[in-house]
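One line per chain: the protein sequences are A and B, in this order.
Heads up: the first sequence runs through residues 1 to 228, numbered per full-length UniProt numbering.
Heads up: the second sequence runs through residues 1 to 228, numbered per full-length UniProt numbering.
Don't be surprised by glycine CBs; every beta carbon is placed ideally from N, CA and C.
Remember, predicted model here, so these are calculated numbers, not experimental data.
Notes to accompany the following structure.
2 protein chains.
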Amino acid sequence: MSTYPLDTLQARLGHVFRDQSLLLRAVSHRSHGADHNERLEFLGDAVLNMTVSDLLFDQFDDSPEGDLTRVRAHLVRQDMLHRLALSLQLPAVLRLSDGEARAGGAQRPSILADAMEAVIGAVYRDAGYEAAQALVRRLFEPLVSETVTQAWAKDAKTQLQEWLQARRQSVPEYRIETTRGRAHDQTFVVVCSVAGPGIEARGEGRSRRAAEQEAARLVLEQLSSTPE
Amino acid sequence: MSTYPLDTLQARLGHVFRDQSLLLRAVSHRSHGADHNERLEFLGDAVLNMTVSDLLFDQFDDSPEGDLTRVRAHLVRQDMLHRLALSLQLPAVLRLSDGEARAGGAQRPSILADAMEAVIGAVYRDAGYEAAQALVRRLFEPLVSETVTQAWAKDAKTQLQEWLQARRQSVPEYRIETTRGRAHDQTFVVVCSVAGPGIEARGEGRSRRAAEQEAARLVLEQLSSTPE
């Protein structure tokens with residue numbers, strides 16, 4: 001493998017590794033061989049949890065512990081790590097076995113999220129806590145406000161149900177219209193229909209729940225733009 | 001409250017707080033008032049998880065991620081934190097409402113474990129990552145070898161079942177004989193009986209599972225000291 005993609009990754013991370021073998025290990029899936037990233041992922045998961053906790057503790061100095069826990073859970077979940085891995089273009093540098101590569105492993109959310117954690121763990125091992133903290137803050141600060149809105153707002157399904165109950169209308173129905181993609185990397189399409197006003201909408205998401213939320217949100221939009 | 005017990009605690013921690021109000025908050029249960037320890041507990045939980053992960057990553061440099069995860073889970077669980085809280089004599093400095101104090105709150109494992117995490121979070125806020133790491137290493141290093149033995153050994157119930165199966169004897173039976181104490185702070189007494197050799201033993205523990213393990217361990221001891 002040319003080292004060029006790894007140089008690009010280091011520029012994106014804002015961190016040049018003293019020990020380049022740490023970075024190489026961090027982007028090596030277990031299918032690639034014995035020197036893989038699972039131990040670094042174990043460490044990186046803890047570094048991430050710690051630095052995100054610290055970030056939230058600082059930034060929301062009035063919020064109770066329950067709110068911080070909820071926002072943290074949103075920030076460190078797989079789809080967030082997957083997005084960050086894509087923004088750092090980890091698929092271009094991932095080291096996989098030939099079989100795993102042919103099977104599309106470089107695009108698998110779980111593999112990318114694990115590699116993202118391993119990279120954070122590798123920065124911690126290479127340069128210590130402050131360096132890892134700086135990286136996590138840079139990556140996650142832009143995501144915090146978006147996440148807070150999601151985590152602290154009532155979710156769309158709850159809002160929709162309350163809207164309908166307040167008007168004594170029947171509960172919405174959700175059904176899966178279709179799923180696309182392979183196991184562990186599926187997209188769900190869910191239709192939410194509301195019998196009373198005769199409205200329906202389609203939502204897509206990486207989980208059934210996410211698709212339902214999106215569908216409920218779209219129904220809510222239609223309801224609130226329709227004169228009662 | 002006299003400051004003397006807090007001075008003693010700081011001596012035991014090997015850390016004198018620049019900001020004494022952080023320490024005071026860390027030992028204040030939510031029943032005591034608005035300035036309580038739940039946010040510091042949120043932070044301390046993450047600091048603990050991170051520093052223990054780092055300790056295990058260093059100390060077991062050949063162990064796969066799964067083993068590290070198992071040992072970490074044993075080290076950071078409530079009963080371990082409860083033991084550490086007792087060894088630091090946290091009950092003497094805990095700040096509780098009068099009602100909670102009368103109800104024995106200063107001895108409740110969950111309250112003590114939470115305060116232990118809050119103290120770790122407070123050291124982190126007061127003096128940074130290295131100080132918190134040094135504290136956690138000092139507290140946890142003596143527990144690691146004991147825990148590794150427990151976590152890597154097969155548990156007693158599994159061993160007992162395998163011992164009996166190898167001799168084509170019927171499976172052991174477990175029944176709760178009695179429970180003592182209030183909800184969230186109960187002690188379970190479980191009897192494990194083995195029909196074939198006609199042996200039984202009583203185990204006590206803070207959970208049903210812990211009591212069963214203890215009972216199974218005692219039955220195993222009798223079986224292995226009895227000529228077959």
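By Cβ distance, which residues of its chain are closer than 6 Å to residue i, with the 5 residues on each side in sequence left out?
i      : result
G44/A  : E117, A118, I120 and G121
S31/B  : L96, S97 and E100
N16/A  : According to the sequence provided, residue 16/A is Val. The question's Asn does not apply to it. So the list reads Q10, once near-sequence residues are dropped.
Q20/A  : none
S225/B : none
E173/B : S193
G14/A  : none
A131/A : V123
Alpha carbon to alpha carbon, how far is residue j from residue i? Give it in angstroms, no decimals.
i             : j      : result
V52/B         : T187/B : 28 Å
L9/A          : R108/A : 19 Å
residue 260/A : L139/A : Past the edges of chain A, shown from 1 to 228, lies residue 260/A, and the structure says nothing about it.
L164/B        : V148/B : 26 Å
S145/A        : R182/B : 42 Å
S2/A          : A92/A  : Only weak support is given to the placement of S2/A: the predicted model assigns it a pLDDT of 47, under 50, and the question is left unresolved by the model.
S193/A        : D185/A : 26 Å
I199/B        : T179/B : 22 Å
V171/A        : A216/A : 12 Å
A26/A         : I111/A : 11 Å
R12/A         : R18/A  : 16 Å
A201/B        : Q159/B : 15 Å
E221/B        : L24/A  : 49 Å
D114/A        : Q133/B : 25 Å
D62/A         : F42/B  : 14 Å
Q78/A         : M50/B  : 19 Å
D67/B         : G196/A : 55 Å
H56/B         : F57/A  : According to the sequence shown, residue 56/B is Leu rather than His. Cα to Cα, L56/B sits roughly 26 Å from F57/A.
L90/B         : Q213/B : 29 Å
V190/B        : V191/A : 51 Å
L88/B         : P142/B : 14 Å
A106/B        : V219/B : 35 Å
G33/B         : A103/B : 17 Å
E204/B        : A166/A : 52 Å
D54/A         : Y4/A   : 34 Å
H82/A         : I176/B : 46 Å
R70/B         : P64/B  : 10 Å
Q169/B        : S207/B : 27 Å
A46/A         : Y129/B : 13 Å
R209/B        : Q161/A : 41 Å
L223/A        : M80/B  : 53 Å
Below 7 Å, is the gap between the Cβ of residue i and the nearest heavy atom of the ligand COA?
i      : result
A118/B : The ligand COA is not among the ligands present in this structure, which contains no ligands whatsoever.
By Cβ distance, which residues of its chain are closer than 7 Å to residue i, with the 5 residues on each side in sequence left out?
i             : result
S28/B         : D35, H36, N37 and R95
L48/A         : V76, E117, I120 and V136
L84/B         : M116 and L139
L6/A          : L23 and V93
residue 308/A : Residue numbering for chain A in the displayed model covers 1 to 228; residue 308/A lies beyond these limits and cannot be assessed.
A211/B        : F188, V189, V190, G203, E204 and G205
Sorted by chain position, which residues of the same chain lie with C-beta nearer than 8 Å to residue i's C-beta, five sequence neighbours on each side aside?
i     : result
L22/B : L40, A122, R125 and D126
Q59/B : V144
L86/A : L112
Please state whether DSSP places residue i in a helix, a strand or coil.
i      : result
A183/B : coil
M1/A   : Caution applies to M1/A, whose pLDDT of 47 falls short of 50 and renders its modelled position unreliable; the model cannot decide the point.
Checklist line | Residues within the stretch 193-226 of chain A neighbouring chain B, beta-carbon criterion of under 7 Å | finding: Those would be none; no residue qualifies.
Check: Quick one, which residues of the stretch 29-45 of chain A are near chain B if we go by CB-CB under 7 Å, in chain order?
Finding: If the cut-off is 7 Å between Cβ atoms, the stretch 29-45 of chain A has E38, R39, E41, F42 and L43 near chain B.
Item checked: Whole runs of the alpha helix (DSSP H) within the UniProt domain "RNase III" (6-128) of chain A, excluding any shorter than 4 residues -> Runs found: 20-26, 38-59, 65-75, 78-87, 98-102 and 109-127.
Next item on the list: Return the chain-ordered ranges of every alpha helix (DSSP H) run that is complete within the UniProt domain "DRBM" (155-225) of chain B and spans a minimum of 4 residues.
Entry: Within the UniProt domain "DRBM" (155-225) of chain B, the complete alpha helix (DSSP H) runs of at least 4 residues are 156-166 and 208-225.
Check: Which residues, in order along the stretch 68-80 of chain B, keep a beta-carbon less than 9 Å from a beta-carbon of chain A?
Finding: Per Cβ criterion, the list reads L68, T69 and R72.
Margin query: Counting only Cβ-Cβ distances shorter than 7 Å, please list the residues of the stretch 115-131 of chain A near chain E, keeping chain order.
Written below: Among the protein chains of the structure shown, namely A and B, there is no chain E.
Notebook entry, point to check: Which residues, taken in chain order from the stretch 86-112 of chain B, show a beta carbon closer than 7 Å to some beta carbon of chain A?
Noted result: Taking 7 Å as the Cβ-Cβ cut-off against chain A, none of the residues of the stretch 86-112 of chain B qualify.
Note to self: So if I threshold CB-CB distances at 7 Å, which residues from the stretch 6-26 of chain A count as touching chain B?
What the structure shows: Cβ contacts with chain B come from no residue of the stretch 6-26 of chain A.
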